[in-house]
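Engineer: Below you'll find the structure I mean.
Numbering (this note's numbering), first residue to last: 209 to 584.
Structural data, given as structure tokens:
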């Protein structure tokens, strides 16, 4: 391959896939060996944190900087990492300083700190890496944080499904209005005016930064759950460096294989469309943060937003694309996200049978008792 030839990270070759799955297998062996050899919890947690930084941020990148990546492929990667990496550092620095060394933005307040990790918790980030590679926009909250969720997991499910429904309805309302205001802009053959595109392109930087901060407030907890709740200065700097490095890899690979979730959606490559998506989605995340500190699946809210937008654009603009194809794209995302929840719940019940400290009741009683504990 010549140096000038662009690598297609969304469609890896067979050799790339083999190398990836071999690496994932090595990670599983390494974590398992470390667990049974009795490596201290502190170091196992940091190792899983590093993997989670890539897997959580990699899977969720499609809903944060995914639209930005799609419409800003011509922007040099260094500019992107300086802006979003710098913002990541600044936001977490404020959290660390004002919250007594914590960087989870109170999202872990309802989840007690784990004294000893079990093997399933440590392997969850690796499983997420594999699922992300398979282009599945699963919920990192359920696949990772759900294993630590204990008494709040039912509330996480409720809030996430509510998030999907609300985002779906908001998208229908917002884009129904936008299409009525300027119907020509949403036709398949429409090409934005270059002057207008440049103006919206500048605004998109601000909207993506706005969304990026909203996502950090919500989903940093999915990664930080592997760390001590209070971090010293050196620990904080190491954690942020790992997060920025993971972001760098995501930006350099243009979002990776999962970026196709955004790429196949209508007109998302234009700056105006991407800017509006980011603003609406970021506002929804801030709204969900305001109503409660219970963690939620931001993936479900994002998929609800894309689904509502795609359906209303197809219905109102009378596109040539058959309705069945539109529902197929929307339904595929939901099915893949549902798989993540199902896998998470199965692993949750599996952990009950594997680890004696959870054997205080039957699995269903253990699950349902969380509601009773909340009412006490």
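Idealized CB from N, CA, C, for every residue including glycine. As the structure is a prediction and not an experimental result, all values here were calculated from the model.
(1) Using only the alpha-carbon positions, how far apart do residue 311 and residue 317 sit?
(2) Compute the distance between the beta-carbons of residue 336 and residue 423, then report whether it is under 8 angstroms.
(3) Between the Cα of residue 294 and the Cα atoms of 525, 384, 547 and 421, which residue gives the shortest distance?
(4) Check residue 225 in the structure and name its three-state DSSP category.
(5) Measuring straight from C-alpha to C-alpha, what distance separates residue 582 and residue 328?
(6) For residue 319 versus residue 356, is the C-beta distance shorter than 8 angstroms?
(7) Can the beta-carbon of residue 250 be found less than 8 angstroms from the beta-carbon of residue 330?
(8) Three-state secondary structure (DSSP) at residue 461?
(9) Please state the DSSP three-state secondary structure of residue 266.
(10) Does DSSP put residue 435 in a helix, in a strand, or in coil?
(11) Can you tell me whether residue 406 is buried or exposed, with buried defined as 16 or more other CB within 10 angstroms of its CB?
(12) Between residue 256 and the rest of its own chain, which residues show a CB-CB distance below 6 angstroms, the 5 nearest in sequence each way excluded?
(13) Have a look at 517, 259 and 306 and flag the residue whose alpha-carbon is nearest the alpha-carbon of residue 231.
(14) Is residue 432 close to the ligand ATP? I mean its beta-carbon at under 7 angstroms from any heavy atom of the ligand.
(15) Just to confirm, is the Cβ distance from residue 460 to residue 304 under 8 angstroms?
(16) Measure from the C-beta of residue 243 to each C-beta in chain B and report whether the shortest distance is under 8 angstroms.
(17) Give me the Cβ distance between residue 557 and residue 416, rounded to the nearest whole Å; I'm assuming they're in contact under 8 angstroms.
(18) Just reading off the alpha helix (DSSP H) that residue 629 is part of, what are its end residues?
(19) Quick check: the region 374 to 394 against the region 514 to 521, are at least 3 beta-carbon pairs closer than 8 angstroms?
(20) Measuring alpha carbon to alpha carbon, tell me which of 414, 281 and 340 ends up nearest residue 547.
(21) Give every residue of the same chain whose Cβ lies closer than 6 angstroms to the Cβ of residue 412, excluding the five residues on either side of it in the sequence, and list them in chain order.
(22) For residue 248, which three-state DSSP category applies?
(23) Where residue 425 and residue 233 are concerned, what is the direct C-alpha to C-alpha distance, given to the nearest angstrom?
(24) Can you list, in chain order, the residues of its chain whose CB lies under 7 angstroms from that of residue 324, leaving out five sequence neighbours each side?
(25) Sorted by chain position, which residues of the same chain lie with C-beta nearer than 6 angstroms to residue 448's C-beta, five sequence neighbours on each side aside?
(26) Can you tell me the Cα-Cα spacing of residue 389 and residue 523, whole angstroms?
(27) Compare the Cα-Cα distances from residue 313 to each of 551, 442, 443 and 437 and report the closest residue.
(28) What's the call for residue 410, buried or exposed, on a 16-neighbour Cβ count within 10 Å?
(29) Alpha carbon to alpha carbon, how far is residue 511 from residue 363? Give it in angstroms, no decimals.
Structural biologist: Quick answer:
(1) Using only the alpha carbons, I get a separation of about 12 angstroms.
(2) No Cβ-Cβ contact shorter than 8 angstroms links residue 336 with residue 423.
(3) Checked all of 525, 384, 547 and 421; the closest Cα to residue 294 is 421.
(4) The three-state secondary structure of residue 225, taken from DSSP, is helix.
(5) Its pLDDT being 42, under 50, residue 582 is placed unreliably by the model, and the measurement read from it follows with that caveat. Near 25 angstroms, if we compare the C-alpha coordinates of residue 328 and residue 582.
(6) In this structure, residue 319 places its C-beta atom within 8 angstroms of the C-beta atom of residue 356.
(7) Inclusion of residue 250 and residue 330 in the CB contact set at 8 angstroms is not warranted, their separation being larger than that value.
(8) In this structure, DSSP gives residue 461 a state outside helix and strand, which the three-state scheme calls coil.
(9) Three-state result, residue 266: helix.
(10) DSSP, reduced to helix, strand and coil, places residue 435 outside both helices and strands of the structure shown, so it counts as coil.
(11) Classification for residue 406: exposed.
(12) Closer than 6 angstroms at the Cβ level, and outside the excluded window around residue 256, lie 330, 333 and 434.
(13) Ranked by Cα distance from residue 231, the options 517, 259 and 306 are led by 259.
(14) Annotation note on the ligand ATP: not contained in the displayed structure, which lists no ligands.
(15) No. Outside cutoff.
(16) The chain inventory of the structure shown lacks chain B, comprising one protein chain alone.
(17) Beta-carbon to beta-carbon, residue 557 and residue 416 are separated by about 39 angstroms, too far to satisfy the 8 angstroms threshold.
(18) Within the shown structure, residues of the chain are numbered from 209 to 584, placing residue 629 beyond reach of any answer.
(19) Yes, they touch.
(20) Comparing Cα-Cα distances from residue 547 to each of 414, 281 and 340, the minimum goes to 340.
(21) Non-local beta-carbon contacts of residue 412 in its own chain, meaning distances under 6 angstroms to residues more than five positions away in sequence, involve 479, 482 and 483 in chain order.
(22) Note: residue 248 maps to coil in three-state DSSP.
(23) Rounded to whole angstroms, the separation of the alpha carbons of residue 233 and residue 425 is 32 angstroms.
(24) The residues 249, in chain order, have a CB closer than 7 angstroms to that of residue 324 in the same chain once the five nearest residues on each side in sequence are set aside.
(25) Here the set comprises 297 and 300.
(26) When only Cα atoms are considered, residue 389 and residue 523 end up about 16 angstroms apart.
(27) Answer by Cα proximity: 437.
(28) Under a 10 Å Cβ-count criterion, residue 410 is classified as exposed, with fewer than 16 other Cβ atoms of the shown protein chains found around its own Cβ.
(29) In this model, residue 363 and residue 511 are separated by some 19 angstroms (Cα to Cα).
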